[in-house]
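J.: Got a structure here, written out as structure tokens. Questions coming.
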Amino acid sequence: MTKPLDPKQTDALKELMNIGVGRAAGMLYHLVGSHVQLQVPDMTIINLGDLANQLDELLAEKVAAVQFRFKGSFSGVAELIFPVESANKLVAVISDEDSGTTDLDSAKTAALTEVGNIVLNSVMGTFANMLKQHLEFSLPIYSENAVDFLERAGNAGVDEKIILAQVHFMIRDLEIVGDIILLFEVGSFDALLSHIDDLIDELEA
Amino acid sequence: MDDNDSAINDFAILDLLPTGAIVLGNDYIVFFWNSRLEEWTGINRESIVGSNILNKFPPLKEDRFYQRLEDVLGGGLPVIFSSKLHKYFIPSPLPGGQMRQQQTTVMPLDISESDGRYALVIIEDVTDLTKTIGNFRAMRDKALEEIEIRKETEERFRTAFNTNPDPTTIERLSDNIIIDANDSFFTVTGFNREEVIGKSMEDLNFLVQPFSKNQLLDELNKCEVIVNRELQIRRKDSTIRTALTSLCLLNIAGEPHALTISKDITELRETQKKLQTSLGEKEVLLKEIHHRVKNNMLTISALLSLQAAEAKDERITKMVAESMNRIQAMAMIHETLYSTESLAEIELGEYLAKLCEKIQSALVFDRKKILLTTESDEIKLSPDQAIPCALAVNELVSNSVEHAFPSNRSGTITVESSLLEGKKVKLTVSDNGVGIANNEDLKENGPFLGLKLVKSLVVEQLNGSFEVTRQTGTIFNITFKIPE
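Same order as they appear, the protein sequences are chains A and B.
Using our numbering, the first residue of the first sequence is number 1, and each one after it goes up by one.
Using our numbering, the first residue of the second sequence is number 1, and each one after it goes up by one.
Listed below in structure tokens is the structure:
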């Protein structure tokens, strides 16, 4: 069992997450051509076993998810997940066209994959850079089945830790809410925490 | 150049890809440019390898590309440039001039012998895919629109079905099962929904003559719509109602169904029956009245005849005889009325023939001497117009009989009636006798009174006109209009 996080560790994690989405907002600005704001007002760290409860609401509806694996001194899966309707709106506002119907076709899912790619890259890139860790990343894939992700993750054991962060996109008066899920394999979360402790020490020194 | 050559050999496998592929160094120098890209851009490998790609394609210096390329070349994560957000990465026109749409993935590449950082750029041509998606979207939008329209139509049908005040059912023709019925059906028949849905009308013992309904359904299969047929139906409480039924063939999920709308006309039929009875009674009564009037007139005529027999003065006898003729002419109208189907109308030609027959038998003793003929179009008159006509013709024919053929002359009297345009009736009484005297003479002689009577009948009662022409014999023309 991992011991609970101390406030410094929590703050540092939140900070990393915010720096990450901040970078993503900058990237999205160049893509959309208008101001994009990304915020992570809420971040929780839970056991994998509790994820289903946390995501109940989200899992009740059809979802659109972009995910990739990361491997290095800490390993796991990063995923950005939206209700399909929100995903559709997000693509519409980014590609500046009428969202029309609520279903996603492959052109739209490719665009959504790019958005996920930007957000998750920024977040994971920030983690890697700030913690001075070299990570390898798989190519992002699009999926409409978050359960599949859970099951796959579930095979690794319920003690695995998850960072669950709600992310708010504000683009052209439209607010869209999605979730960033970072699943850490057994032992990886502890590795992450030790790197965070190193960072805290370095900053305090 | 040696480096480049070895790089080309190392990456030659990328020529096999169906996609465009570029290997970039961290200084944006092109290490490899695959044959697909040569084909797409017309830029051959030799001319681009070793060059800075940002200088070759300046749009890549824009932030939306550059920042993220920097990340990859800095050893970061793979990046994706979707066709929807970027259209293309390396501009390459299609034969039509349109730009190839591209989905581009850029990933860091580890080359073990090398110190520098590299990136592999894979460019997928998604033009056709995008077009297919566009077509699919248009098709889907159209389908959705059609579904919407169908939904609306269905909604409208549903509302019409449910709120129709007449009992309405939908039966499946394959087994005559009722699949739906509206509220009015339940109200009128007394059955409830559970008792009706899933059953046939036969199950409900609903039809007094099930055969007639089955015949209707068979007929419906051929002609699709049947309007206003009368059926007897049995309600839940066993009372029988009369329904005016219309059926229409419906196609539901590819199966033929009958939409049946029935109007309960039981009360209407009962009222009609009552009316019929009361009309019949009225008819009998009217006939009786006409019969009595005729009998009374004949009695008056007989009484006058008795009185005339007592009179010594020949002038009085003649006057009474004339009056009797007039009374009998009127009595004949009533006789005609009660003996024909219609109590309200007289067929003029038929009547005139009878009248002339009568005058002839009364006044002309030798038929061979004076011939009376009638000719008529079919003209129907109300008693109000038939009586003045009868009296006028009676007068004119009597006159002719009496005055046109003196000294045993023989001749013909013709009565013609014809229907002219605008519902006008022309009545002509003509003879080929000696010809009537002029007005001055008329005053002195007999027929004047008769003609005065005719004139007053025509002008005052028929609102018509009357003229006398003298040629060979005399022609009397009466014209009047039948009111609308």
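The beta carbon of each residue, even a glycine, is placed where N, CA and C say it ideally should be.
Model, not experiment: these values are computed from the prediction.
From B/Thr472 to B/Ser398, what distance separates their C-alpha atoms?
T.: B/Thr472 and B/Ser398: Cα-Cα distance of roughly 18 Å.
J.: Give me the chain B residues within the contact set of A/Ser106, using Cβ-Cβ distance strictly less than 8 Å, ordered along the chain.
T.: Within chain B, the residues near A/Ser106 are Leu129, Ile133.
J.: Looking at chain A, is there any beta carbon in it that lies within less than 9 Å of the beta carbon of B/Lys84?
T.: So yes, B/Lys84 belongs to the interface.
J.: Let's see if you can read the secondary structure: which residues bound the alpha helix (DSSP H) around A/Gly125?
T.: Here the alpha helix (DSSP H) through A/Gly125 covers 106-130.
J.: Would you call the CB atoms of B/Leu247 and B/Ile261 closer than 9 Å?
T.: The answer is yes: Cβ separation under 9 Å.
J.: Does any CB atom of chain B fall closer than 9 Å to the CB of A/Pro7?
T.: No, A/Pro7 lies away from the interface with chain B (no Cβ there is under 9 Å from its Cβ).
J.: Starting from B/Ala160, follow the alpha helix (DSSP H) in both directions and report where the run begins and ends.
T.: B/Ala160 -> alpha helix (DSSP H) spans 127-163.
J.: Are the CB atoms of B/Ala243 and B/Leu259 within a distance shorter than 9 Å?
T.: Not in contact: B/Leu259 and B/Ala243 (Cβ atoms no closer than 9 Å).
J.: Quick one: list the residues of chain A neighbouring B/Val79, beta-carbon separation under 7 Å, in chain order.
T.: Within chain A, the residues near B/Val79 are Asn117, Asn121.
J.: Tell me, please, which residues DSSP counts as bridged to B/Ser246.
T.: Looking at the DSSP assignment, B/Ser246 forms a beta bridge with B/Ile261.
J.: Between the alpha carbons of A/Leu193 and B/Asn26, how many angstroms are there, rounded?
T.: Cα-Cα distance, rounded: 32 Å.
J.: Decide if B/Thr277 is buried, meaning its Cβ has at least 16 other Cβ atoms within 10 Å, or exposed.
T.: Classification for B/Thr277: exposed.
J.: Please list, in chain order, the chain B residues whose beta carbon lies closer than 8 Å to that of A/His30.
T.: Chain B residues near A/His30: Glu62, Asp63, Arg64, Gln67.
J.: Within its chain, find whatever has a CB closer than 6 Å to the CB of B/Gly446; leave out the 5 residues flanking it on each side and keep chain order.
T.: Residue placement at B/Gly446 is flagged as unreliable, the pLDDT there being 49, under the threshold of 50; the coordinate-derived value follows with that caveat. Closer than 6 Å at the Cβ level, and outside the excluded window around B/Gly446, lies no residue.
J.: According to the Cβ coordinates, are B/Arg235 and B/Arg229 closer than 9 Å?
T.: Against a cut-off of 9 Å, the Cβ pair of B/Arg229 and B/Arg235 comes out as no contact.
J.: For the structure I just gave you, are there three or more beta carbon pairs, one from the segment 317-325 of chain B and one from the segment 282-299 of chain B, closer than 8 Å?
T.: The answer is no - the segment 282-299 of chain B does not touch the segment 317-325 of chain B, with fewer than three Cβ pairs under 8 Å.
J.: Any beta carbon from chain B within less than 9 Å of A/Leu192's own beta carbon?
T.: It does not: the Cβ of A/Leu192 has no partner Cβ on chain B nearer than 9 Å.
J.: Which residue from A/Leu203, A/Gly26, A/Leu182 puts its Cα closest to that of A/Ala65?
T.: Taking only the C-alpha atoms, the option nearest A/Ala65 is A/Leu182.
J.: Any idea what DSSP makes of B/Ser465, helix, strand or coil?
T.: Looking at B/Ser465 - three-state DSSP - the assignment turns out to be strand.
J.: Give the interface partners of B/Gln103 over in chain A, defined as CB-CB distance under 7 Å, in chain order.
T.: Chain A residues near B/Gln103: Ala110.
J.: Is any beta-carbon of chain B found at less than 9 Å from that of A/Ala25?
T.: It does not; no Cβ of chain B falls within 9 Å.
J.: In whole angstroms, what separates the C-alpha of B/Leu120 from that of B/Ala21?
T.: Going from the Cα of B/Leu120 to the Cα of B/Ala21 covers about 7 Å.
J.: DSSP on B/Ile482, reduced to helix/strand/coil?
T.: Here B/Ile482 sits in coil by DSSP.
J.: Closer than 9 Å, CB to CB, is B/Arg117 near chain A or not?
T.: No, its Cβ sits nowhere closer than 9 Å to a Cβ of chain A.
J.: On the three-state DSSP scale, how would you describe A/Phe189?
T.: In this structure, A/Phe189 counts as helix in the three-state DSSP scheme.
J.: Restricting to Cα atoms, I'd like to know which of B/Leu17, B/Val434, B/Ile29 is closest to B/Thr474.
T.: It is B/Val434.
J.: Given this structure, state the Cα-to-Cα distance separating A/Met1 from B/Glu145, to the nearest angstrom.
T.: With a pLDDT of 47 at A/Met1, under the threshold of 50, the predicted position of this residue should be treated as unreliable, though the coordinate-derived value follows. Cα-Cα distance, rounded: 56 Å.
J.: On the DSSP letters alone, give me the boundaries of the beta strand (DSSP E) that B/Thr168 sits inside.
T.: Counting along the chain, the beta strand (DSSP E) containing B/Thr168 begins and ends at 168-172.
J.: Got a sec, what are the start and stop residues for the beta strand (DSSP E) A/Leu164 sits in?
T.: Where A/Leu164 is concerned, the enclosing beta strand (DSSP E) stretches over 161-171.
J.: Is B/Thr104 near the ligand COA, going by C-beta to nearest heavy atom under 8 Å?
T.: For the ligand COA, the structure offers nothing, since it holds no ligand at all.
J.: Is there a Cβ of chain A sitting closer than 9 Å to that of B/Arg485, yes or no?
T.: Summary: the structure shown does not reach residue 485 of chain B, with chain B confined to residues 1 through 484, and so no result is reported for it.
J.: Look up A/Phe68 in the DSSP assignment and give the residues it is bridged to.
T.: BP columns for A/Phe68 point to A/Ala78.
J.: Could one say the Cβ of B/Met139 lies closer than 9 Å to chain A's Cβ atoms, at least one of them?
T.: No, because no Cβ of chain A sits closer than 9 Å to the Cβ of B/Met139.
J.: What would DSSP say about A/Leu16, mapped onto helix, strand or coil?
T.: Reduced to three states, the DSSP call for A/Leu16 is helix.
J.: Excluding five sequence neighbours on each side, which residues of the same chain lie with their C-beta closer than 6 Å to the C-beta of B/Phe476?
T.: Here the set comprises Leu396, Val429, Val468.
J.: Quick one: list the residues of chain B neighbouring A/Thr113, beta-carbon separation under 9 Å, in chain order.
T.: Correct list: Ile80, Ser82.
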